[in-house]
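The numbering of the sequence shown is our numbering, which starts it at 1 and goes up by one.
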Amino acid sequence: MFPHTRSCRSGNPDQAIILNVTEISDTHVETPQGTGFLRSCIRWIVIGGVLLWSFAALILVAARWIDPPTTAVHIQRHLQAWIQHKPYRERYQFIPLNQISLDLQHAVVAAEDARFYQHHGFDWHQIQIAAEDDLEGERARGASTITQQLVKNLFFGTGRSFLRKGVEATLVPVAELVLGKQRILEIYLNVVEWGPGIYGAESACRYYDQAAAWSIGREQAARLAAILPAPLKRRPERMNNYSAIILKRMFQMGW
């Protein structure tokens, strides 16, 4: 005898069929516990990712008026020094853009992102060149813009991953929209790493040239810009060749 079959004493077979169909439809097929747990984890991961992205976007909006007190790179270097039990002294002083010499501004743009004032966060021409270089087995230049580097400095540190690149790409348009070119350049010049524990133009100029950032000339500016790709390894006085290239670029750009 089937467990869900009821006899129909009234002798009405149609009623028995209706009862059987109703009871069968009431039976619940349970989802395997592992599948439910996985879905729950994925849902919370997605929610957490959206919340973190929203928080980062809000920080960018606030950065329009508030100078960043620290960055992911600053925190990363602190942690590395602590883990390695090495002494660490941070030099970080945020100053307005008009207190940084135009020569230094121009030198950094010429060295790091020559199309900074033309693109909207991504330099697709340089990305194409970098991709072609990768296919040929050599990488002669980077493709990251100043805006991309700023987002990376603020939120991601110096690590590299496809996930970081993907999230960075979604925050770059936000930075371009809410900050604008001048504020992006101002923040970048103030937070970028310029040596061990040295962050920003003012700290770099004081450390390397014993001068304020507003007083730096073309030669000094080109040498300082030349160490930005590898600030922990390079020194301005050793950058004769690359600083000459930067000076040539500045001249070609009308600076």
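Where a beta carbon is used, it is the ideal one built from N, C-alpha and C, also for glycine.
Please read all numbers here as calculations on a predicted model, not as lab measurements.
ask   = CB L247 to CB A57, shorter than 9 Å?
value = no
Unbroken alpha helix (DSSP H) run spanning W256, endpoints = Because the chain is modelled from 1 through 255, residue 256 falls outside the range shown and cannot be assessed.
ask   = What is the rounded straight-line gap between the Cα of L177 and the Cα of A204?
value = 29 Å
task = With DSSP collapsed to three states, give me the class of E90.
result = coil
ask   = Name the DSSP beta bridge partners of G195, please?
value = I198
task = Buried or exposed for L79, please, with buried defined as at least 16 other CB atoms from any protein chain shown within 10 angstroms of its CB.
result = exposed
ask   = Near A213, which residues of its chain fall below 7 Å by C-beta distance, leaving aside the five closest residues on each side in sequence?
value = I95, Q99, I100, S101, L104, A201, E202 and C205
ask   = Hey, how far is the Cα of E186 from the Cα of L97?
value = 5 Å
ask   = Do V191 and T35 have their C-beta atoms within less than 9 Å of each other?
value = no
request  = Whole angstroms is fine: what's the gap from V46's alpha carbon to I216's?
outcome  = 48 Å
task = Compare the beta carbon distance of G197 and E90 with 9 Å and say whether it is the shorter of the two.
result = yes
inquiry  = In whole angstroms, give me the CA-to-CA distance for V172 and V151.
reply    = 7 Å
message = Distance check for V167 and F116, CA to CA, integer angstroms please.
response = 21 Å
Where Q210 sits in the DSSP three-state scheme = coil
message = Which residue wins for smallest C-alpha separation from P236, given the options L224, G121 and L228?
response = L224
key: Nearest-angstrom Cα separation, counted from R43 out to G49   = 10 Å
ask   = Count the other CB atoms within 10 Å of the CB of H120; is the residue buried (16 or more) or exposed (fewer)?
value = exposed
query = With 16 as the cutoff for other CB atoms within 10 Å, does T256 come out buried or exposed?
reply = The structure shown has nothing for residue 256, since the chain only spans 1 to 255.
task = Within the same chain, show all residues whose beta-carbon is closer than 7 Å to that of I127, passing over the 5 residues directly before and after it, in chain order.
result = A143
message = Quick check on H85: buried or exposed, where buried means 16 or more other Cβ atoms within 10 Å of its Cβ?
response = exposed
key: Buried versus exposed call for M253 [16 or more other C-beta atoms within 10 Å across all chains shown]   = exposed
request  = Give the single residue among D67, T147 and I83 whose Cα lies nearest to the Cα of A114.
outcome  = T147
W194 classed as buried or exposed, judged by whether at least 16 other C-beta atoms fall within 10 angstroms = buried
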